[in-house]
Ligand SMILES: Nc1nc2c(c(=O)[nH]1)N[C@H]1C(S)=C(S)[C@@H](COP(=O)(O)O)O[C@H]1N2
Ligand SMILES: [Mo]
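Residue numbers (our numbering): 175 to 444.
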């Protein structure tokens, strides 16, 4: 960036002096919306960033021996914030006809299908914690007593496949309101029975199509597709759709995720 302006364009000296601070504190985008909009405009107008700008935006100084990985990871976190501003959280994902459903629907997890967890629905209890008023557990009967809705949407996996499926369950915003979640909090985190974990921004958690899913088609979720409970998030990539959910928590502390912590872009959606 040739003409430095604060805060994204903080002059080089500042960028160097502040390197010890956490990225979050140096790039306080939320508090600098007008400046962010200027940066966005420039990013759209220009097809590429200079190395200096990349260093400044990411908080990494590659001359100091930062790895490309570290820089890209920092850029990815920065990109999350930009995307959060760019995309309207109420934009709907496309829906499809029953005739378009993919059969058989693919299985995916960080382990092979023969290691899918076996969960006994009769003593299942979903834990709820963090910034919520009502922390009582939820068994399956109680989850099924809430209003249910169906959707046919496309699941897109970062590994290069996609498939259309039908899921049924409780709109997640209904559930969050029911447990008295603080919807001004930043994140909703998920812990799964197979030790997978992920998290969503609150806007996506409240999105009208985000579904706390109990059924796949007209049947309870088969084990491989996340029995007894998964979150279907059609506005996000597949890895942000946790299966076998054991616990849900509302928090202001960035919870990360299994793939996110290995460098996948946290926002990963539209
Ligand atoms: N608990 C859990 N949830 C998970 C995963 C996992 O390994 N464990 N993998 C994610 C990924 S990368 C994908 S693509 C989808 C696959 O869901 P499916 O088996 O229903 O197609 O689940 C997501 N949710
Ligand atoms: Mo995936």
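Backbone N, C-alpha and C define an ideal beta-carbon position, used for all residues, glycine too.
Between residue 432 and residue 332, the C-beta gap is not smaller than 8 Å, which leaves the two residues out of contact. As computed with DSSP, residue 362 is found in a beta bridge with 374 and 424.
For residue 347, the enclosing alpha helix (DSSP H) has its first and last residue at 346-352. Residue 350 has its alpha-carbon roughly 10 Å from the corresponding atom of residue 422.
Taking 7 Å as the cut-off, the C-beta of residue 431 does not count as close to any heavy atom of ligand 2. Placement of the Cβ of residue 413 at a distance of less than 7 Å from at least one heavy atom of ligand 2 is found. Taking 3 residues as the minimum length, the beta strand (DSSP E) runs contained wholly in the region 292-337 are 301-304 and 323-331, in order along the chain.
The beta carbon of residue 253 sits no closer than 7 Å to any heavy atom of ligand 1. Your pair residue 402 and residue 394 checks out as a contact, with CB atoms roughly 7 Å apart and the cut at 8 Å.
Taking C-beta separations shorter than 8 Å and ignoring five residues to either side along the sequence, the partners of residue 359 in its chain run 304, 305, 376, 424, 425 and 426, following chain order. Residue burial is scored here from C-beta neighbours: residue 369 has fewer than 16 other C-beta atoms within 10 angstroms and is therefore classed as exposed. For residue 394, DSSP records a beta bridge to 389.
According to the DSSP secondary-structure assignment, residue 414 is paired through a beta bridge with no residue.
Per DSSP, the beta bridge partners of residue 419 are 366. A distance criterion of 7 Å places the beta-carbon of residue 417 in contact range of ligand 1, judged by its closest non-hydrogen atom. If you look at residue 404, you'll find it in the beta strand (DSSP E) that goes 404-406. Around the beta carbon of residue 265, fewer than 16 other beta carbons sit within 10 angstroms, so the residue counts as exposed. In the displayed model, residue 247 falls within a helix according to three-state DSSP. A straight-line Cα-Cα distance of about 26 Å links residue 391 and residue 311.
Within the same chain, Cβ atoms closer than 6 Å to the Cβ of residue 290 are found at 397 and 398, the five residues on either side in sequence being excluded. Judged by the Cβ position, residue 313 fails to qualify as a neighbour of ligand 2 at the 7 Å threshold, every heavy atom of the ligand being at least this far. Not one heavy atom of ligand 1 is found less than 7 Å from the C-beta of residue 401.
Residue 271 carries a coil assignment under DSSP once its states are collapsed to helix, strand and coil.
In this structure, residue 295 places its C-beta atom within 8 Å of the C-beta atom of residue 314.
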